[in-house]
Amino acid sequence: MSDNKEKDLSLDGVETMALSEFAESAYLNYSMNVIRDRALPSVSDGMKPVQRRIVYAMAKLGIGPKAKHVKSARTVGEVLGKYHPHGDSACYEAMVLMAQPFAYRYPLVDGQGNWGDVEEPKSFAAMRYTESRLATFSDVLLEDLNAGCVEFIPNFDGTTVEPKALPSRLPTILLNGTTGIAVGMATDIPPHNVLEVAQAAIYLMDHEDCSVSDLMEYIKGPDYPCAAEIITPASELQKLYETGRGIIRMRATYEMEKEGIVIKTLPYQVAGGTIEKQIAELMVKKKLPLVSDLINASDHNNPCRLIIVPRSNRVDVDALMSHLFATTDLEKTYRVNLNILGLDGKPAVKDLKTILSEWIAFRVDTVSKRLNSRLVAVNKRLHLLEGLLIVFLNLDEVIRIIREEDDPHTELKQRFNLSDEQVEYILETRLKQLARLEEMKIKDEQKKLEAEKKKLEGLLNSKTKLNNFIKKEIAADAKVYGDERLCPIVERSEAVEISVDDLTPSTPMTVILSKMGWVRAATGADVDAKSMAYRSGDEFLSQATGRSNGQAVFITNLGRAYTVDIRDLPSARGQGEPLTSKANLSPGEFAIYVICGTPNDRYMLYTDRAYGFICSYDDLISRVKSGRNVVTLTEDTKLMEPCRLNDLDSDLIVVASKQGKILIYDAKELPVLGRGKGNKMISISKNKLDVGIDGIAVAKVVGENDSIVVHSGKRILKISKDDMQQRKQSRTSSGTTLPRSYQKVSDIEVIKAKKDETVVEQSETVDDFVLE
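In this note's numbering, the protein residues as written are 10 to 781.
1) Secondary structure at T572, three-state DSSP: helix, strand or coil?
2) What separation, rounded to the nearest whole angstrom, lies between the Cα atoms of L397 and I435?
3) Residues bridged to V149 by DSSP?
4) So is L365 buried or exposed if we call it buried at 16+ other beta carbons inside 10 Å?
5) Inspect the CB distances between the region 463-476 and the region 372-386 and report whether three or more fall short of 8 Å.
6) Mind reading off the beta-carbon distance from T196 to P74? Whole number of angstroms is fine, and I expect it under 8 Å.
7) Return the CA-CA distance between I575 and A542, expressed in angstroms with no decimal places.
8) Taking the continuous beta strand (DSSP E) assigned at I757, which residues delimit it?
9) Return the chain-ordered list of same chain residues with a C-beta closer than 6 Å to the C-beta of P587, the five sequence neighbours on each side being excluded.
10) For T53, count neighbouring Cβ atoms within 10 angstroms of its own Cβ and tell me buried if that reaches 16, exposed if not.
11) May I ask you to report which of helix, strand or coil DSSP gives L747?
12) Would you kindly work out how many angstroms separate the C-alpha atoms of E459 and V385, rounded to a whole number?
13) W527 lies in the beta strand (DSSP E); which residues open and close that run?
14) My guess is that R137 and I72 are in contact by the Cβ rule of under 8 Å, so how many angstroms apart are they, rounded?
15) For P298, tell me which candidate among I507, I521, D215 has the shortest Cα-Cα distance.
16) Among the residues of its own chain, which have a CB less than 7 Å from the CB of Y227, if the five just before and after it don't count?
17) In the DSSP assignment, what residue or residues form a beta bridge with S51?
18) State the beta-bridge partners of D675 as determined by DSSP.
19) Looking at the strands, I want to know which residues DSSP matches up with H93.
20) Give me the Cα-Cα distance between E598 and T565, rounded to the nearest whole angstrom.
21) Please determine, among V520, G546, K524, Q734, the residue with the shortest C-alpha to C-alpha distance to D537.
22) Who are H720's beta bridge partners in DSSP?
23) Go ahead and pull the three-state DSSP assignment for V279.
24) Just to confirm before moving on: does the CB-CB distance between R114 and L184 stay below 8 Å?
25) Which runs of the beta strand (DSSP E) spanning at least 3 residues fall entirely within the region 233-309, listed in chain order?
26) Under the assumption that R637 contacts R736 (Cβ atoms under 8 Å), give the Cβ distance between them as a whole number of angstroms.
27) Residues in its own chain within less than 7 Å of V707 by CB, not counting five upstream and five downstream?
28) So if DSSP puts G193 in a beta bridge, which residue, or which two residues, is it bridged to?
29) Around the C-beta of H309, are 16 or more other C-beta atoms found within 10 angstroms, so that it is buried, or is it exposed?
30) Using alpha carbons as the reference points, say which of E152, I705, R372 lies closest to N476.
31) Relative to the C-alpha of V710, which residue among K677, S523, I693 is closest?
32) Using the beta-carbon count (16 or more within 10 Å), is S428 buried or exposed?
33) Let me confirm a value: V64 is counted as buried when at least 16 other C-beta atoms fall within 10 Å, else exposed. Which label applies?
34) Compute the Euclidean distance between the alpha carbons of L25 and A32, then round it to the nearest angstrom.
35) Excluding the 5 residues flanking P497 on each side, which residues of the same chain have their C-beta closer than 6 Å to its C-beta?
36) Count the other C-beta atoms from every protein chain shown that fall within 10 angstroms of the C-beta of G683, then say buried if there are 16 or more, exposed otherwise.
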C-alpha cells in the first residue's frame, strides 16, 4: 500500500502520455521538419532552405557577382553560424552543386578553383582551398531583396533574421530543378529553359483558363545542361506535366567521322569514363565483337569525344548504337516527381499549370509589396519636400528660430504648421544645405515624385496594369538571362539490344566433360577429346559438338539437366574448370553426359531399368544455375547415354537387353514428354529388373536408311536396314534372341546410309543376322 502511495506521489505534477502517442507525435514532427526545412524546395523561389541561406549569406557578406572571390569556408561559416546549424560538409556540397555548370542549368555560385567535373562531381577541393562569389544569375533572386517586399523571420536562435523566401523574378523552381529525399516522400524536378518558362508564365497570365497542353506550346520539355537528346515521346511528356510524375529518357548524340563513331554529348551527369568502362567490359566479355577499339579523345576543347571504332565498314552503325543505348548509360532514364512546397507550406505533387500559377501568385504579391513600399517612400519624401518648400520661402525666419529659440522644434512646428517628421528632417539638415535650397529643384523633385506616385497608384489599383507590368519584367529578365535550348527533343525508335547469339560469331565447338567433372570447349567439330591432356587421376568422359553461340546441357547421375553457354566455357588450351563453378550441383551429384543441339532437336532419354521417353532439347534447357529435373530415377537406376533423333516419324529404336535380346520398333511408339520416368522400352519381367539380372544393355536411335553393327566384345554382327525393317516389332514385345556368340552386347554402332558398304575393320568375323 505504501509503495503505491509513493508511486502516486512521484508522478504528481508530471504529464503522462502513452508511448505510442508520443512516438507518433515525435515522428510526425521530425518528418515535417525534414520536409519543410531540408528536403523539399518552395514554389516561391525554387530553393531548399540551405540553398536560400547560402545565397542570402553571400549577399549579406557583399560577395556579389562583381565582388572579389572569397574563400568558400568564409561563406560556409557564416551560413552555419547564423542560419543553418547543420553539418559543414552538407552545406558546402550544396554550395558546390550550385556552382557546377554541368549540374545546374543556371549556376547561382561562381567558383574559382577545383569545383569538380562531370567525370568526378565529388572531386572538388575542400572549402578552405576554393573561392567563390555569387553568379550573375543570382540577381534574379536578390534584385528585389531590399525593396520592402520580403518577409523576414527569426533565425534558429533569434539573434538575427533571414528571408522566408527570396523575391525570385523568374520561376526558378523550374529553371534549375532539384532533387531531395524527405521522410516518406521525395522530389525530382528537372531543369528547364528560361525563355520557354518565361513565355509560358506570360501566356498563363493572359489566359488563366489555359490547359497544360497549351503551356506545352512554350515549354517543350526539360532542358538539361548536358545537350544530349531527350527522346521521351510527346504524349509521355504531356502526361508528366499533367500529373507531376513520369520519366525522362535521354540519349547521347553521335556522328560518323573518319576515325569512327564519335560520341559528342552524354546524358545528364553521365561521365565519359563510365561509358568507357562499360563498353570495355562488354568487349572483355566478348559481348561486343562488332567493336574493335574505344578511344577517349576528350580534352579541354572537346569535353566529350568518345570514339567507337567498328570492326569493319560493314557494321550497321545504327544497329550497333541501338545496342549500346540499350546496354550502357549512353541512354538513361530520369525520374520526375514534381513534389513541391506550395504557397500554403504543404508538400504536394503539382502539375505544370499549378506550379506556374502559384509562382505567378507569389510574384504578384511580391511586386505589390514592392510597389506599396515604394509608394510609402514616395509619399514620405513628398511630405518632407513640402516642409522644405516652406523652409525655402521662409529661410531667414527658420534660421533665426533655429539659432535663437530654446525649443526650435516646437516653435517651427507651431509657426509654420509642420509635422514632427518635417521638423525633424529640417533640424537634421545642415544649415549650409538649408541656405542652398532652391525652389526650382524642390518643385522638380516634387513633380517627378508626384508622377511616380500616380504611376504606382495606377499599378496598384488596376489588376490589368499590374499584370502587364509584371509581364514586362519577366520578359526583360528572360532577355537578359535567356539562351537557346541545349537539349533537343526528338522522336527516336526504342533502343533494341542485339542478342548475344547474333553478336557472337557462330563457329563449331566441341564441349568436353571429364570424369572428375571438369569442362572446357575446343574450337572445331573434329576434336579428338580422348587424346587431350587431363589432370592427374582424371580422364575423358563425354563430348558433344555445338556452336559457339549455343548452349551445352550437362546431365547428371541424378537425372537433372544443367545448362551452360558454350561461350562461357574455358578454352580447351587449358584443363578447364569444374562444372560446379558454372552450375549449383547438389552434394554427391556429378555430370555423366553432355549434349548440344538446337531447340527443335529431340533426344531419347532412358535408364538401364528399361524405361525411357523422348524429349525436345528445349525441355532440357534450364534458365537457372540450379538446373531442372528431367529423368525420374529410382535407387540403383543408371541413366544411359542420350540418343539424338533424326526424324520422329521415320526413325527406329534398337534396344539390346542384358540377357541377349534385341528389339526394333518405330521411335514414335515411345512417348514424347518434358520430364518424368517414361514408358517401358522392352518387355522385361519386374523381378529380373529388380534383382538386376536383366535390363537394357544399350539402345540406339537408327535413321530410316541406316544400318547397325552389334558389338559383342570383338565380335561384330551387321544388321542391314532391310533386315531391321523386316524384324520390327511392338515396343511391348520382349524382342528376338541374338545368336549365342553375340548375346553380351557391349555397343550398337549406327552406320549411316552413305557408309552402308563400308567394310568394318578391327573385327574377327562379320556374320549375317541369323535367328536362333
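Even glycine gets a Cβ: it sits at the ideal position worked out from N, Cα and C.
Given the structure is predicted, the values throughout are model-derived calculations rather than measurements.
The structure says:
1) strand
2) 7 Å
3) Note: V149 sits in no beta bridge, so no partner.
4) buried
5) yes
6) T196 to P74, Cβ: 28 Å. No contact.
7) 20 Å
8) 756-760
9) G526, W527
10) First, the amino acid is wrong: residue 53 is Ser here, not Thr. It counts as buried.
11) coil
12) 12 Å
13) 527-532
14) 16 Å between Cβ atoms; not a contact.
15) I507
16) E205, Q208, A209, Y212
17) L350
18) L661
19) None, per the DSSP bridge assignment.
20) 7 Å
21) V520
22) I725, D756
23) Taken through DSSP and simplified to helix, strand or coil, V279 comes out as coil.
24) Yes; because the gap between Cβ atoms is below 8 Å, this pair is in contact.
25) 254-260, 262-265, 270-274, 300-305
26) Incorrect: roughly 37 Å between the Cβ atoms, too far for contact.
27) A665, V754, D756, I757
28) Paired residue(s): none; G193 is not in a bridge.
29) Exposed.
30) With distances taken between Cα atoms, N476 lies closest to R372.
31) Of the listed residues, the one whose Cα sits closest to V710 is K677.
32) exposed
33) buried
34) Here residue 25 is Thr; the residue named in the question, Leu, does not match the sequence. Whole-angstrom Cα-Cα distance: 13 Å.
35) E238
36) exposed
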